[in-house]
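I have placed the structure first, in the form of structure tokens, so that the comments after it can refer back to it.
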Amino acid sequence: MSEDSDGILVARCRKGDRRAFEILVGRYEKPVFNAALRMLRNTEDARDVTQTVFLKVFEHLDDYDPSYRFYSWIYRIALNESINVLGRRPRHDQVVGDEVDERQGVEDELASEQASQRVQGALMTIKAEYRAVIVLKHILDLGYEDIGRILDLPEKTVKSRLFTARQQLKEALGSRGMT
Amino acid sequence: MLEEKYIELIQADVDGELPERSRAELSRYLLASAEARALRDELRRTCAVLDSVEPVEPPADLRGAILSGIKLPGAPARSAGRARAFGFSPQAPVLRYAAVFAGGLIVSAVAFQFGSTDRAALDVTQVAGTMASQDPVANSAPVDAVSIDLEQVSGSVRLFQSATMRVLEFDLTADGPLEVVVSHDGQEARFSGDGPAGAAGSGRYALVLNGPGQAGSPIGLKFIASGVLIHEDVLESPASE
């Protein structure tokens, strides 16, 4: 059962199979949470986004087109929800640089926390649309084609954004002594 | 100044997406251009830093919170606002419980295995009541359910209800000895089981409560590992069918 494809699991969910949905949650909870965390730099917001994403997935299961990859769909929802949260934040909260998120208890436990915090700080200095391609490429490990599908962008634009984002991050990381 | 075409090829190379047909062309360009080589090295460094960010484990109670907000026809979700730390581990083998009840049950309690005629796996010598000859509610939807995803135990417990009885279905995996205490209307039933090493195959086990006047009253669940209470929960059903 655990090796069922996403499409099969979605089909089972549509028939009311709770366990199939639980498997999907188990499969995508971590990448969705991490994508939201890197977009938002706030554990509580990432948690809320992850819950919202799965709720929306569940509510719109009937709208899911099986000819598309399920992960493209769920990651698109995750990024859109994250960007919505960013839009609701007060402007002065949108660029937080190296400020410490005191609620990041989960990440605080990691041995590489300092480096991750600096990378996260650098990520927060670039625009959300650039951060999104970085998250899809480096956090979710997706290729140009998938990124284009998720962001609804031509592959050429994906490459261009990725390059610009990396150039900006190079500067931000450099100022933090990381490159 | 590097040509845009070569910038794109350099980035594709760093990302492992360089088309084979462009490889030789890029190699020649890199040999000829120190600036191109510098860009490639710089991109590699930046990507290495970004790739070094370790994924973070989601909060332990997130999965349970997600699932508690979902209502599928197959099982009703929990009411909002409960603090929960549940989930479900579908890959793990199912723990087979030997049903050992503490004495003093007033209700008639019956243990049986769904979908199987092999009941030898169950130790029912101390069970009050009789074995169920058939599964009266297997095709109905549960009226309440909990999923558990703790270090010591994971799985689910679902409550089914028919006009004459209520059935608790256990589908649990434990990494060691585990005791489950089912309390209802002032009485207790205790299940004990070993970990996966003692389990053979998969199956679901159930406790049937078919005494009178039970519908509507809550059923308490306690999960005890190594003598320590690791989790408590309550299953509830409608007051009447």
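Chains A and B are the protein sequences, given in the same order.
For the record, in the first sequence the residue sitting at position 144 is 144 according to the numbering used here, with numbers rising by one throughout.
Convert by adding 1000 to the 1-based position in the second sequence; the result is the number in the numbering used here.
Beta carbons: idealized from backbone N, C-alpha and C, even for Gly.
Contacts with chain B at 8 Å (Cβ-Cβ) include A:R166. Between A:S160 and B:E1008, the alpha-carbon positions lie close to 8 Å from each other.
Around B:P1055, the beta-carbon contacts reaching into chain A at under 7 Å are K30, N34. At a cut-off of 8 Å between beta carbons, A:T50 contacts chain B.
For the set B:L1229, B:S1027, B:S1140, B:S1033, the Cα lying nearest the Cα of B:V1167 is the one of B:S1140. Taking a Cβ-Cβ threshold of 7 Å, none of the residues of chain B is close to A:S72; the smallest such distance is about 17 Å. DSSP links B:H1231 through a beta bridge to B:F1223. Note that the C-beta distance between B:G1155 and B:D1144 is not below 8 Å.
In this structure A:N84 is exposed. Its beta-carbon is surrounded by fewer than 16 other beta-carbon atoms within 10 angstroms.
Each residue's CA atom was taken as its position, placing B:E1035 and B:E1017 some 21 Å apart. In its chain, beyond the 5 residues on either side, V1014 have a beta carbon closer than 8 Å to the beta carbon of B:R1044. In this chain, the beta strand (DSSP E) harbouring B:L1159 covers 1153-1161. Counting only the Cα atoms, A:E155 lies some 34 Å from B:R1063.
For A:S72, the enclosing alpha helix (DSSP H) starts and ends at 70-88. Shown here, A:D4 sits in coil according to DSSP, grouped into three states, outside any helix or strand. In terms of beta-carbon proximity, B:D1051 lines the interface with chain A, with at least one pair separated by less than 8 Å. The C-alpha of A:V158 lies about 12 Å from the C-alpha of A:L142.
By a beta-carbon distance limit of 8 Å, A:M124 contacts A:R41. Their separation comes to about 5 Å.
Under the three-pair Cβ rule at 8 Å, the stretch 1020-1034 of chain B does not count as touching the stretch 1050-1062 of chain B. Taking 8 Å as the threshold, the shortest C-beta distance from B:Q1011 to chain A falls below it. Excluding its 5 nearest sequence neighbours in each direction, B:L1150 has C-beta neighbours in its own chain below 8 Å: A1085, F1223, I1230, H1231, listed in chain order. Annotated three-state conformation of A:H138 is helix, per DSSP. A residue is called buried once 16 or more other Cβ atoms fall within 10 Å of its Cβ, and B:V1234, having fewer, is exposed. The beta-carbon of B:T1173 is placed no less than 8 Å from the nearest beta-carbon of chain A. Between A:L9 and A:L24, the beta carbon gap of about 5 Å places them in contact (Cβ cut-off 8 Å).
Judged by beta-carbon spacing, A:I139 lies within the 8 Å limit of A:A35, meaning their Cβ atoms are closer than that value. Chain-ordered listing is empty here: chain A has no CB closer than 9 Å to the CB of B:R1023, the nearest sitting near 17 Å. Fewer than three pairs of CB atoms, one per stretch, sit closer than 8 Å, so the stretch 126-136 of chain A makes no contact with the stretch 44-62 of chain A. Below the 7 Å Cβ cutoff, chain A contributes Q51 as neighbours of B:A1065, in chain order.
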